[in-house]
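Trainee:
Residue numbers (my numbering): 1188 to 1636.
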């Protein structure tokens, strides 16, 4: 792992650029109110390093060919011909506007932040010199009532200093990427699974500070199993240009990063200072395929938060102020359904116990048990609970079925997976040995969902 982590590979054009570069990072400028969008990379191999789960991570850039869980597809349209950042447009059906379903009764409140720290000025020894820890204090003040789950920082040269100023060093893990981007996550609630950095753009010669990447990471909620694909991006200069390869290229390279490394069950959140406003093709491309859930006011609106979860899943938006930076920090709250802690949960195990009670199993019984053993989230929590309820009822004698169905209706009050009496017709002959066990589980309230 140490040997892999030390390897440092860049495309030829990027290597030449870095050789003559100054310090990375940039100061945002100008722009009109708006939003930003994500882009996809060429169908060649992305530069990214997958990280092993540790407390502090340094994401560096390596060549890696990954699977495409979203089945990334292009329509053949390109932008950035002849450049290393050549990008291919996704097909029209590549959409990221569906929030993944979770299991009933396990909601996850998710709080995220994006913040350009204006490092050279706010933390520069000859300028504000940290301003008394003002940025960290801003984070701490707004995390008192409900702590942040994920924070994405741009122009961040030393995330440990920011977390120390906020008094959060002991409770947050960090992921550090090139180009002064970093992510912090709450370790009590989230387990870091894997992360990396993909180069997606480059500044144009007239305002060149270097390459521009997107730092991404996958996390799993420790209580519910819900997964999040979190991305942090600082866009190319000049503002609104999309950089060396163009506006759409930056967006397409961001989208392809999602299409390559995210999983279908992930809640996807993309944050950052995109150096682009709503009138640019970068933003228009992203918003066509994702929900733009919040845009700030700084420099006409170049800071954005996008997600595949929009609408009612977004429960709060707030501009927190600058805290000594030249950008406002932005906060968004999400309400998401969780995912079950196990394959089927305690209720599912009780269900299988009932179905396997002494007595010959019909072919339909065996096929249903086999189906339920498939990775449960492919069905979605609601579907599985519904299937379990139906099969419980079908195993019962007629005289007990009505009582069971009514009880499940009350426990599911108003939820879409409540069993319907007409669906519980006795398709499987009840087994005398099975019925008492099922009735007992029903009276016990399912034995825990």
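Heads up, the beta-carbon is just placed ideally off N, CA and C, and yes, glycines get one too. If you're wondering where the values come from, they're calculated on a predicted model, not measured in any experiment.
1) Just how far apart, CA to CA, sit residue 1383 and residue 1364?
2) Check whether chain D comes within 7 Å of residue 1352, counting only Cβ atoms and requiring the distance to be less than that.
3) To the nearest angstrom, report how far apart residue 1520 and residue 1406 are at their CA atoms.
4) Measuring only the C-alpha atoms, how far is residue 1373 from residue 1435?
5) Give me, in chain order, the residues of the same chain whose beta-carbon lies closer than 7 Å to that of residue 1376; leave out the 5 immediate sequence neighbours on both sides.
6) Are the beta-carbon atoms belonging to residue 1515 and residue 1485 less than 7 Å from one another?
7) How many whole angstroms separate the CB atoms of residue 1359 and residue 1369, which I take to be in contact at a CB cut-off of 8 Å?
8) Mind checking residue 1349: buried by the 16 CB within 10 Å criterion, or exposed?
9) Where does residue 1392 fall in DSSP's three states?
10) According to DSSP, is residue 1420 part of a helix, a strand, or is it coil?
11) Using a threshold of 7 Å, state whether the C-beta atoms of residue 1289 and residue 1433 are closer than that.
12) Look at residue 1272 and residue 1388 and say whether their C-beta atoms are less than 7 Å apart.
13) Along the chain, where does the alpha helix (DSSP H) that runs through residue 1645 open and close?
14) Considering residue 1353, what are the terminal residues of the alpha helix (DSSP H) in which it resides?
15) Straight-line CA distance for residue 1381 to residue 1452?
16) Would residue 1313 be called buried (16 or more neighbouring beta carbons within 10 Å of its own) or exposed?
17) Following the continuous alpha helix (DSSP H) through residue 1309, name the residue where it begins and the one where it ends.
18) Can residue 1418 and residue 1457 be called in contact, C-beta distance under 7 Å?
19) At what residues does the beta strand (DSSP E) containing residue 1407 begin and finish?
20) Can the beta-carbon of residue 1421 be found less than 7 Å from the beta-carbon of residue 1518?
21) Which one or two residues does DSSP pair with residue 1465 in a beta bridge?
22) Candidates 1325, 1310, 1333 and 1462: which alpha carbon is nearest residue 1400's?
23) Return the Cβ separation of residue 1322 and residue 1304 in integer angstroms, given the expectation that the two are a contact with Cβ distance under 8 Å.
24) Any idea if residue 1440 is buried or exposed, counting beta-carbon neighbours within 10 angstroms, 16 or more meaning buried?
25) Quick check: what's the CA-CA separation for residue 1523 versus residue 1262?
26) Ignore the nearest five residues each way along the sequence and tell me which others in residue 1277's own chain have a CB closer than 8 Å to its CB.
27) How about residue 1353 and residue 1327: do their beta carbons lie closer than 7 Å?
28) Taking C-alpha atoms, which residue in 1274, 1504, 1310 and 1295 lies nearest to residue 1411?
29) Taking buried to mean at least 16 other C-beta atoms within 10 Å of its own C-beta, is residue 1343 buried or exposed?
30) May I ask you to report which of helix, strand or coil DSSP gives residue 1472?
31) Taking the alpha carbon of residue 1488 as the reference point, which residue from 1496, 1479, 1329 and 1495 has its own alpha carbon closest?
32) If you measure between the beta carbons of residue 1416 and residue 1468, is that distance less than 7 Å?
33) Do residue 1513 and residue 1301 have their C-beta atoms closer together than 7 Å?
34) Would you report the Cα separation of residue 1306 and residue 1424, rounded to the nearest angstrom?
35) Check whether the Cβ atoms of residue 1275 and residue 1285 lie closer than 7 Å to each other.
36) What is the DSSP secondary structure of residue 1303, counted as helix, strand or coil?
Mentor: Judging by the given coordinates:
1) Counted from its first residue, the chain shown places residue 1383 at position 196. Counted from its first residue, the chain shown places residue 1364 at position 177. So the alpha carbons of these two residues sit roughly 8 Å apart.
2) Looking for chain D here will not work: only one protein chain is present.
3) Mapped onto the chain shown, residue 1520 falls at position 333. Mapped onto the chain shown, residue 1406 falls at position 219. Those two C-alpha atoms are separated by around 17 Å.
4) To locate residue 1373, count along the chain shown from 1; it is residue 186. To locate residue 1435, count along the chain shown from 1; it is residue 248. Each residue's alpha carbon lies about 33 Å from the other.
5) Here residue 1376 corresponds to residue number 189 of the chain shown, with the count starting at 1. 1336, 1408 and 1409.
6) As a first step, residue 1515 is located in the chain shown; it is residue number 328 there, counting from the start. As a first step, residue 1485 is located in the chain shown; it is residue number 298 there, counting from the start. Yes, these two residues count as a Cβ contact at 7 Å.
7) Taking the first residue of the chain shown as 1, we reach residue 1359 at position 172. Taking the first residue of the chain shown as 1, we reach residue 1369 at position 182. About 11 Å separates the two Cβ atoms, so there is no contact after all.
8) One-based indexing of the chain shown puts residue 1349 at position 162. With 16 or more Cβ atoms within 10 Å of its Cβ, residue 1349 is classed as buried.
9) For the purposes of this step, residue 1392 is identified with residue 205 of the chain shown, where counting begins at 1. Reduced to three states, the DSSP call for residue 1392 is helix.
10) The count along the chain shown starts at 1 and reaches residue 1420 at position 233. It is a strand residue.
11) As a first step, residue 1289 must be located in the chain shown, where it is residue number 102. As a first step, residue 1433 must be located in the chain shown, where it is residue number 246. Not in contact: residue 1289 and residue 1433 (Cβ atoms no closer than 7 Å).
12) For this step, residue 1272 is matched to residue 85 along the chain shown. For this step, residue 1388 is matched to residue 201 along the chain shown. It is a contact, given that the beta carbons lie within the stated cut-off.
13) It is not possible to answer for residue 1645, since the shown part of the chain is limited to 1188 through 1636.
14) Locating residue 1353 in the chain shown gives position 166, where the first residue counts as 1. Start and end: 1346-1353.
15) Position 194 of the chain shown, counted from the start, is the residue given in the question as residue 1381. Position 265 of the chain shown, counted from the start, is the residue given in the question as residue 1452. Using only the alpha carbons, I get a separation of about 15 Å.
16) Here residue 1313 is taken as the residue at index 126 of the chain shown, counted from 1. Residue 1313 is exposed by the Cβ-count criterion.
17) Your numbering for residue 1309 matches position 122 in the chain shown. Counting along the chain, the alpha helix (DSSP H) containing residue 1309 begins and ends at 1306-1309.
18) Numbered from 1 along the chain shown, position 231 holds the residue referred to as residue 1418. Numbered from 1 along the chain shown, position 270 holds the residue referred to as residue 1457. Yes. Within cutoff.
19) Residue numbering aside, residue 1407 sits at position 220 when the chain shown is read from its first letter. From DSSP, the beta strand (DSSP E) with residue 1407 extends over 1398-1408.
20) Within the chain shown, residue 1421 is the residue found at index 234, counting from 1. Within the chain shown, residue 1518 is the residue found at index 331, counting from 1. No.
21) By 1-based counting over the chain shown, the position of residue 1465 is 278. None, per the DSSP bridge assignment.
22) Indexing the chain shown from 1 puts residue 1400 at position 213. Residue 1400 has its Cα closest to that of 1462, out of 1325, 1310, 1333 and 1462.
23) As a working note, residue 1322 is residue 135 in the chain shown. As a working note, residue 1304 is residue 117 in the chain shown. Indeed, because the Cβ distance is near 6 Å, the residues count as touching under 8 Å.
24) Indexing the chain shown from 1 puts residue 1440 at position 253. So residue 1440 ends up on the buried side.
25) In the chain shown, the residue the question calls residue 1523 occupies position 336. In the chain shown, the residue the question calls residue 1262 occupies position 75. The straight-line gap from Cα to Cα measures roughly 33 Å.
26) Position 90 of the chain shown holds residue 1277. Correct list, in chain order: 1227, 1259, 1260, 1261, 1262, 1439, 1442, 1443, 1446 and 1476.
27) Looking up residue 1353 in the chain shown gives position 166. Looking up residue 1327 in the chain shown gives position 140. Yes, they are a contact pair.
28) The residue given as residue 1411 occupies position 224 in the chain shown. For residue 1411, the nearest C-alpha among the options comes from 1295.
29) In the chain shown, counting from the first residue as 1, residue 1343 sits at position 156. That one is buried.
30) One-based indexing of the chain shown puts residue 1472 at position 285. Correct three-state label for residue 1472: helix.
31) Here residue 1488 corresponds to residue number 301 of the chain shown, with the count starting at 1. Comparing Cα-Cα distances from residue 1488 to each of 1496, 1479, 1329 and 1495, the minimum goes to 1479.
32) As a working note, residue 1416 is residue 229 in the chain shown. As a working note, residue 1468 is residue 281 in the chain shown. No; because the gap between Cβ atoms is not below 7 Å, this pair is not in contact.
33) For the purposes of this step, residue 1513 is taken as residue 326 along the chain shown, with counting starting at 1. For the purposes of this step, residue 1301 is taken as residue 114 along the chain shown, with counting starting at 1. Not in contact: residue 1513 and residue 1301 (Cβ atoms no closer than 7 Å).
34) The count along the chain shown starts at 1 and reaches residue 1306 at position 119. The count along the chain shown starts at 1 and reaches residue 1424 at position 237. Using only the alpha carbons, I get a separation of about 17 Å.
35) Taking the chain shown and counting its residues from 1, one reaches residue 1275 at position 88. Taking the chain shown and counting its residues from 1, one reaches residue 1285 at position 98. Their beta carbons are not under 7 Å apart, which means residue 1275 does not touch residue 1285 by this criterion.
36) As a position in the chain shown, residue 1303 is number 116, starting the count at 1. Strand, per DSSP.
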